[in-house]
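Q:
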Amino acid sequence: MVELHPQASHRQHRELGAFVRYCVFRLEREFGELRWLVRIVPIPNGFASSVAVNDETLIVEARGSGFDGALAAWEALYKVEEALRQARAHNSGSGFLFEG
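Per this note's numbering, residue 2 is the first one in the sequence shown, and the count goes up by one each step.
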């Protein structure tokens, strides 16, 4: 689910929604289906984003900021991706995640 501020235009909803869905689908191909909540709100110098992910065994939350909503979302989604990778590596027993 993507939540934007009440004054967001139809175009912002469409474009930011599409960008976030693309990022989520890309991550779900690797990590499996997850429950997502992405919030993007304006702040004085741009936008802030918060992302929460739940897979019933793990909850990951991250925040991001940027000059536009997409950059703010990307920063938070990147942090979530790194946390999911670390959790996967930790749960694999080896402590390492090797991708060739």
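Backbone N, C-alpha and C define an ideal beta-carbon position, used for all residues, glycine too.
Here the structure is a predicted model, which is why all the values come from computation and not from measurement.
With a floor of 4 residues, list each alpha helix (DSSP H) that falls wholly inside the segment 47-80, ordered by position along the chain.
A: With a minimum length of 4 residues, no continuous alpha helix (DSSP H) run stays inside the segment 47-80.
Q: With distance defined between alpha-carbon atoms, name the residue in H14, A84, G65, G18 nearest to V54.
A: When only C-alpha atoms are compared, the closest one is A84.
Q: With C-beta atoms as the reference, is V39 less than 8 Å away from V21?
A: A contact, by the Cβ cut-off of 8 Å.
Q: So, are the CB atoms of G70 and F48 less than 8 Å apart?
A: Yes, they are a contact pair.
Q: Rounded to a whole number of angstroms, what is the C-alpha to C-alpha distance between R15 and T58?
A: The alpha-carbon atoms of R15 and T58 are separated by roughly 31 Å.
Q: With 16 as the cutoff for other CB atoms within 10 Å, does F77 come out buried or exposed?
A: Per the sequence shown, residue 77 should be read as Ala rather than Phe. Per the 10 Å Cβ criterion, buried.
Q: Where do the ends of the beta strand (DSSP E) carrying Y4 lie?
A: Note on identity: in this sequence residue 4 is Glu, with Tyr being the wrong assignment. Unbroken beta strand (DSSP E) run through E4: 3-5.
Q: DSSP three-state label for E100, please.
A: Any reading at E100 must be qualified, since the residue scores a pLDDT of 38, below 50, and its modelled position is unreliable; the value itself is stated next. Correct three-state label for E100: coil.
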